[in-house]
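A.B. asks: So the sequences go chain by chain: A and B.
One point on numbering: in the numbering used here, the residue at position 349 of the first sequence is 349, and numbering is uninterrupted.
Residues are numbered in the numbering used here as their position in the second sequence, beginning at 1, plus a constant of 1000.
This is the structure I want to talk about, given as structure tokens.
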Amino acid sequence: MGNLSYIILLPLIASLVVGFGKLGASYARLIAIAVAGIQLLILAKIALVFDPAQAGFQSTESFDWIHLNLGSLGHFVSHYSLGVDGLSIGLILLTGLISFVALWNSKDIHEKLEGYYALVLLLNASLMGCFLARDMFLFYVFFEFMLLPMYFLIGIWGGPRRNYASLKFFIYTLVGSLFILIVMLGIALAYMDPNETALAFPNLGFHDLSSIQTALAAHEIAPNQIVHSFDLQILSDPKNCQPNNIFSPQSGFLLGGLSGRAWGFWLLFIGFAIKLPLVPLHTWLPDAHVEAPTPISVLLAGVLLKIGAYGWLRMAIPFFPTEAVDAASIMAGLGVLSIIYGAYNALAMTDLKKLVAYSSVSHMGFVLVGIASFTPEGWQGAIFQLLSHGILSSLLFLMVGVLYNRTGNRQIDNFSGLATKMPWFTVVSGIAIFASLGLPGFSGFIGEFFSLMGAFTSTHLTPIYAILGGLGILLGAGYLLWTFQKIYLGSYFVRESTWELPDLTILEKFSLFGLGILSIIFGIFPGIIFELSEIFVTNSLNLLFH
Amino acid sequence: MPIQTIFLALLILPWLSAGLVALLPKKVQVNASILLAGLFTYLAFQVGHMPENTTSFPWFNLGGKAIVASFWVTKSAQLLLLLVSIVAFFVQIFSKSYLAEDPNIGRYYSYLHIFIGSMTLLVLTDQIYIFYGAWELVGACSYLLISFWHQKEAAIKAAKKAFLLNRIGDIALLFGLVGLSQYFGTSVFSGMHGSAPAMIGIAVILGGIGKSAQFPLMSWLPDAMEGPTPASALIHAATMVAAGVFVGIRVFPFIGEEAHLFMGTIGAISLVSGAFFALFQNDIKKALAYSTISQLGLMWLGMGCSASLFHLYAHGIFKAGLFLTAGSVIHYLHHQKATHHADAQSLHNMGGLRKQLPLSFIAYLIFGAGMLGIPFTNGFYSKENIAGFLWDSAQHSAYANYYYVLLGTLALGMGLTATYMCRQIYLIFLGQNRGGHILEKSHTEWLQVIPISFLIFLSLFFWISMNPMDAHDSVFLSFFHIANYHIPGFWLGITAGSWMVGLGITYLTRRWVPTKNYQFLGFIWPSAYRLAWYIGQQMQRFDARIVDRIVVKFTELQVVIAHLSAWTDRHLVDGSVSLIASTSRALGARLQTWQSAQLHRYWFWVFFTLVFILIYLLY
Chain A
1 MGNLSYIILL PLIASLVVGF GKLGASYARL IAIAVAGIQL LILAKIALVF
51 DPAQAGFQST ESFDWIHLNL GSLGHFVSHY SLGVDGLSIG LILLTGLISF
101 VALWNSKDIH EKLEGYYALV LLLNASLMGC FLARDMFLFY VFFEFMLLPM
151 YFLIGIWGGP RRNYASLKFF IYTLVGSLFI LIVMLGIALA YMDPNETALA
201 FPNLGFHDLS SIQTALAAHE IAPNQIVHSF DLQILSDPKN CQPNNIFSPQ
251 SGFLLGGLSG RAWGFWLLFI GFAIKLPLVP LHTWLPDAHV EAPTPISVLL
301 AGVLLKIGAY GWLRMAIPFF PTEAVDAASI MAGLGVLSII YGAYNALAMT
351 DLKKLVAYSS VSHMGFVLVG IASFTPEGWQ GAIFQLLSHG ILSSLLFLMV
401 GVLYNRTGNR QIDNFSGLAT KMPWFTVVSG IAIFASLGLP GFSGFIGEFF
451 SLMGAFTSTH LTPIYAILGG LGILLGAGYL LWTFQKIYLG SYFVRESTWE
501 LPDLTILEKF SLFGLGILSI IFGIFPGIIF ELSEIFVTNS LNLLFH
Chain B
1001 MPIQTIFLAL LILPWLSAGL VALLPKKVQV NASILLAGLF TYLAFQVGHM
1051 PENTTSFPWF NLGGKAIVAS FWVTKSAQLL LLLVSIVAFF VQIFSKSYLA
1101 EDPNIGRYYS YLHIFIGSMT LLVLTDQIYI FYGAWELVGA CSYLLISFWH
1151 QKEAAIKAAK KAFLLNRIGD IALLFGLVGL SQYFGTSVFS GMHGSAPAMI
1201 GIAVILGGIG KSAQFPLMSW LPDAMEGPTP ASALIHAATM VAAGVFVGIR
1251 VFPFIGEEAH LFMGTIGAIS LVSGAFFALF QNDIKKALAY STISQLGLMW
1301 LGMGCSASLF HLYAHGIFKA GLFLTAGSVI HYLHHQKATH HADAQSLHNM
1351 GGLRKQLPLS FIAYLIFGAG MLGIPFTNGF YSKENIAGFL WDSAQHSAYA
1401 NYYYVLLGTL ALGMGLTATY MCRQIYLIFL GQNRGGHILE KSHTEWLQVI
1451 PISFLIFLSL FFWISMNPMD AHDSVFLSFF HIANYHIPGF WLGITAGSWM
1501 VGLGITYLTR RWVPTKNYQF LGFIWPSAYR LAWYIGQQMQ RFDARIVDRI
1551 VVKFTELQVV IAHLSAWTDR HLVDGSVSLI ASTSRALGAR LQTWQSAQLH
1601 RYWFWVFFTL VFILIYLLY
């Protein structure tokens, strides 16, 4: 057991204690925040020992978990194996931070507090598990498990249409995970784990990786002697595939004009695209966001959406590299569609929270455009955008929460000229809005800039995608500035005279300004994040084009 | 101090000043800010006489390439830096009096420092990423300063418009810069040599259109006059809008002649249309804004060569002076009992102000002379230099006729310029007060007089050359590597003719005052915004009615299927289970007969199975 396990186990145990310990509501909050704080400390320690120059996973842990003999189909193994690399380090730090911020800002939840905090901790544990798992089966377990707390968090503590929203979220995500499940089982059955096979059948006399892979290709290993595993690295090497399997690069299998591997790629792609969410699979997002309480929106936008892009970078693309590169234009097209469509929809919104939700759709489109460029700039930009959007969307949702707490309303038309009454709130909202519209000096700019630059210079895409993405930047400035002008500037006006609008409390100032300052730091010194993911990006791209 | 330290201090000081001014108590804020601006000007002068050099600091790594924060002290950067620091310093002094009663004056001064910091970054950087970053930052400063009076509806609308129109240009610039770095294989300007494809050059130039308020993205600049007048003097007249010219100057050596001509054409259109629309303004600040568009067009006509740079400097001085003088006129009218509630910027309330404001009258005359390019002002040299550049280029270019056309447009623009400038001086200071107001003589606002006097001083000829008609012996020009282009003597005749035309038209139309502010292409942008909003509405409708509904209906279909299958389950499956139970009982009885060792029956079943398998394999 190492630090990585503690990161997952700590909130898991705390969740049980809070949920079933009958400790009382005030302790629930205390314990939850303390656990999130301790988790942040452990994360800090992991980040400090993390060596950016080292390729592959670090701080790894691995235990045998499942071992199945399937007879003629061979053996199935799955490990409880965790690890952190250049891609996941930033995301677990983000998860820790955003969970802390979400718990910190949960003061306005008043009902069933034990249940609430227990579920948020549970969500945190499964999110961490998703980012840390090195085994696809383990990942899938965490991925599915995440649904449960989210469903209840929206369904119990949500707004008036919470049942509809939570069910919609549940069904959408379930369909997505179904696609992932199909590919996971198919690919695991198709692939052999050379290490495990050599270990399980020492009599075959294999010593090195290439000899065993050659033997596999030459049909020298009997199917019942093959050990299948879900290890992500094993699944990322097509040489481990059994010949004649539909997932084999050599197989002539075609279905609807697509090879088996292309089917695998697209199913995984769609499965994760629902999570991102990519237009046209996005309609769960505005509903879920509008109904979810503020801290849950923060977690949803800040962390949950990132799993979609994480899944592409970790599974869909490394598993099926050639198919992914072939799909570059379609992916970039979908990304651009998300950017522009999300931005136009945001422009039409009158509900501030829906506007922020659609802006998420638009901003996550940049991630896909960056990924589809298959250039170091684009990938770095995409990973940076994930983290930057995690911070900025949290900030924006907290901003909506501030208004909603005080008035129970979030219609943009109902507010005007808040700058005169709430100067601190205006300053921090200004930071959030200008950072989100991609002003240099803030983190949003770096992510969008390098994603587009990757797309512009990529040999796999024509520059038109980048130019259309640039249009998204313009629209982004449009709806965000419009919001800022309507709500904060002008002469003071609120719809109901009974609405009191006191400025930020000290608790709110702490979290809002903290996130804002973080965005400025990353905007001026993007190297902090680029350095972490540098090796991951160069290695992954080398593997794609070797 | 070593040069590196001065350089770093220059880059960082404005940002520290902005923070400090915001945090200091109200009483000392303004004085501290002016002091810090003075310190900045001192540092700018130190950097201003450095030899050309490049400096870089490590920044971050990307895809195995080290991205350094590199800076390039060039002559053009130094000249612009000096202009920014001098004008900013005078504007800060002027603002102390102009905004004395504003409770948020500290915020205003902070914004000014942020602007100075961004502008410094813009002129000194060598790195395209920082250049683009600084480019957007000055746009954001412009947004903040225009919407400084954030209760004013017109001001915040103008600010939004300015930011969005700038953004359109910015996107072109972004792709232009990335294209340049891609083509030359380097992300620093100092490493670019040769000639880039015309498309890339044109993209960069398109980027400058937004910032310099050139045709067709010009309409934000007149609206931007809703901001405080001294801020307009600094950013919307002298420096920020000149950033569009500066980018042309930066890329001039390596974008090729087609891109140069594109820049010149945009400049020519803006020169004429800006000057023309300046005639139809009722608001003196808006007239000056159109005049800025027109003068920036003149710089664009220089296509980014050193003549553009020269006019940028000369214009920066006299236009800042004009704005500050206009500001002091507005300030005066606003503080008069008779006109306190009237529109202090409207020509209807002016006329005959020479009696009350003699100093402003003289200042306006001298700055106006600079604008007209009358000898003994710096504007004379810089304007002749641009004409000289066009003439010179025409002599050895494949596009000679095109250059002559541009030269002709310049002559037309000069005539219009002389007209609106003379008219403005006449309508403000000469004749009688048109509002019929009885005004008292003003007491002297020294904080306004001193900056204006210094700017008058700077806009005179002897800084450039002791010879008022020719600058070939100029120390100034040779220090800043500005070429002195020559044009044959006939041009002087045309210049003089344009003054005559201006004075003549002014005399003939002296009784006519425009009743409102006519906007050039002003209608396009609000409708573009409405169009975007409309598309948004439609997309939203599509999203809710089609995309979402498909998903919902599909899910509902599942429910229907579920009910169907439940029905099937109860009636058919359940039924069939009992059916199977009864059949199997019957079958059991049948199968018992199999065991009766009747071989032919075995054969029948084997044959039957084989046929089935064969059929399956064949199809």
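Backbone N, C-alpha and C fix where the C-beta goes; we use that ideal spot for every residue, glycine too.
When the cut-off is 8 Å and only beta carbons count, does B/L1080 lie next to chain A?
C.D. replies: It does not: the Cβ of B/L1080 has no partner Cβ on chain A nearer than 8 Å.
A.B. asks: Can you tell which of B/E1556, B/A1172, B/L1372 and B/G1302 has the C-alpha that lies nearest to the C-alpha of B/G1264?
C.D. replies: Nearest option by C-alpha distance: B/G1302.
A.B. asks: Quick one: what does DSSP say A/Y191 is sitting in, helix, strand or coil?
C.D. replies: Reduced to three states, the DSSP call for A/Y191 is strand.
A.B. asks: Would a C-beta distance cut-off of 8 Å place A/L352 and A/L475 closer than the cut-off?
C.D. replies: Taking 8 Å as the Cβ cut-off, A/L352 and A/L475 do not qualify as a contacting pair.
A.B. asks: So, using beta-carbon positions, are B/A1198 and B/L1296 closer together than 8 Å?
C.D. replies: Contact flag unset, no.
A.B. asks: May I have the straight-line CA-CA distance separating B/L1324 from B/K1337, to the nearest angstrom?
C.D. replies: Cα to Cα, B/L1324 sits roughly 22 Å from B/K1337.
A.B. asks: Assuming the contact rule is C-beta atoms closer than 8 Å, A/V120 and A/A102 should be a hit. Round their C-beta distance to whole Å, please.
C.D. replies: That belief holds up - the Cβ atoms of A/V120 and A/A102 are roughly 7 Å apart, short of 8 Å.
A.B. asks: Kindly give me the distance between the Cβ atoms of B/A1032 and B/L1020, rounded to whole angstroms, as I take these residues to be in contact under 8 Å.
C.D. replies: With 8 Å as the limit, B/A1032 and B/L1020 qualify as a contact, their Cβ atoms being about 7 Å apart.
A.B. asks: How far does the alpha helix (DSSP H) with A/Y27 in it reach, from first residue to last?
C.D. replies: Per DSSP, A/Y27 belongs to the alpha helix (DSSP H) from A25 to V49.
A.B. asks: So what does B/Y1399 bridge to, in DSSP terms?
C.D. replies: Bridge partners of B/Y1399: none, in fact.
A.B. asks: Measure the C-alpha to C-alpha separation of A/S511 and A/L355 and round it to an integer number of angstroms.
C.D. replies: Cα to Cα, A/S511 sits roughly 22 Å from A/L355.
A.B. asks: Check whether chain A comes within 8 Å of B/I1168, counting only Cβ atoms and requiring the distance to be less than that.
C.D. replies: By this cut-off, B/I1168 is an interface position.
A.B. asks: Suppose contacts are defined by Cβ-Cβ distances below 8 Å. Is B/I1428 in contact with B/I1284 by that definition?
C.D. replies: Their beta carbons are under 8 Å apart, which means B/I1428 touches B/I1284 by this criterion.
A.B. asks: Check whether the region 520-533 of chain A and the region 1061-1069 of chain B touch, using three or more Cβ-Cβ pairs below 8 Å as the test.
C.D. replies: Verdict: yes, contact present.
A.B. asks: Quick one: give me the first and last residue of the beta strand (DSSP E) that B/N1104 is part of.
C.D. replies: Looking at the DSSP string, B/N1104 is not in any beta strand (DSSP E), and its letter there is neither H nor E.
A.B. asks: Please check if any C-beta of chain A sits within less than 8 Å of the C-beta of B/W1220.
C.D. replies: Not one chain A Cβ lies under 8 Å of B/W1220.
A.B. asks: On a CA-only basis, which of A/N105, A/Y116 and A/G176 is nearest A/F20? Give me that one, please.
C.D. replies: The option with the nearest alpha carbon to A/F20 is A/Y116.
A.B. asks: Verify whether the separation of the beta carbon atoms of A/S59 and A/L299 is less than 8 Å.
C.D. replies: In this structure, A/L299 does not lie closer than 8 Å to A/S59 by Cβ.
A.B. asks: For B/S1596, name the three-state secondary structure that DSSP assigns.
C.D. replies: Reliability of the predicted coordinates at B/S1596 is poor, the pLDDT of 49 falling under 50, and no value is obtained from them.
A.B. asks: Among residues of its own chain, excluding the 5 on either side of B/S1596, which ones have a beta-carbon nearer than 7 Å to its beta-carbon?
C.D. replies: Reliability of the predicted coordinates at B/S1596 is poor, the pLDDT of 49 falling under 50, and the value obtained from them is presented with this limitation in mind. Excluding sequence neighbours, B/S1596 sits near nothing in its chain.
A.B. asks: Would a check of beta-carbon distances place B/E1556 closer than 8 Å to chain A?
C.D. replies: By this cut-off, B/E1556 is not an interface position.
A.B. asks: Which bits of chain B does A/F530 rub up against, with CB to CB less than 7 Å?
C.D. replies: Going along chain B in sequence order, the residues near A/F530 (Cβ under 7 Å) are F1060, N1061 and L1062.
A.B. asks: Can you tell me which of the three DSSP states A/L398 falls into?
C.D. replies: Residue state, collapsed to three classes: helix.
A.B. asks: Only counting the same chain, and skipping five residues up and downstream in sequence, which positions put a Cβ closer than 6 Å to that of A/A435?
C.D. replies: Excluding positions up to five away in sequence, the list reads L392, F442, G444 and S519.
A.B. asks: To the nearest whole angstrom, what separates the beta carbons of A/F57 and A/G90, a pair I think is in contact under 8 Å?
C.D. replies: A/F57 to A/G90, Cβ: 14 Å. No contact.
A.B. asks: Taking 8 Å as the threshold (C-beta atoms), are A/A165 and A/S562 in contact?
C.D. replies: Because chain A in this structure spans residues 1 to 546, residue 562 of chain A falls outside the shown range and cannot be described.
A.B. asks: From A/I535 to A/L199, what distance separates their C-alpha atoms?
C.D. replies: Distance between the alpha carbons of A/I535 and A/L199: 30 Å.
A.B. asks: Kindly list, in the order they appear in chain B, the residues whose Cβ is closer than 9 Å to that of A/E291.
C.D. replies: The contacting residues do not exist; A/E291 stays about 14 Å from chain B at best.
A.B. asks: Does the beta-carbon distance from B/A1275 to B/S1294 come in below 8 Å?
C.D. replies: Cβ atoms of B/A1275 and B/S1294: closer than 8 Å.
A.B. asks: Using a C-beta to C-beta distance shorter than 8 Å, which residues of chain A count as neighbours of B/M1539?
C.D. replies: Neighbours of B/M1539 on chain A, chain order: Y341, Y344, N345 and A348.
A.B. asks: Starting from the Cα of A/W424, find the closest Cα among A/L209, A/L10, A/L544 and A/L501 and give me that residue.
C.D. replies: The option with the nearest alpha carbon to A/W424 is A/L501.
A.B. asks: Helix, strand or coil for B/K1065? Go by DSSP, reduced to three states.
C.D. replies: B/K1065 falls in the strand class under three-state DSSP.
A.B. asks: Establish whether the CB of B/K1075 and some CB of chain A are separated by less than 8 Å.
C.D. replies: Chain A contact via Cβ: absent.
A.B. asks: Is it true that the region 1372-1388 of chain B meets the region 1490-1498 of chain B, where meeting means three or more beta-carbon pairs spaced less than 8 Å apart?
C.D. replies: With the cut-off at 8 Å, the region 1372-1388 of chain B and the region 1490-1498 of chain B touch.
A.B. asks: If you scan the region 1540-1583 of chain B from start to end, which runs of the alpha helix (DSSP H) of 4 or more residues do you find wholly inside it?
C.D. replies: If we require 4 residues or more, the alpha helix (DSSP H) runs fully inside the region 1540-1583 of chain B come out as 1548-1568.
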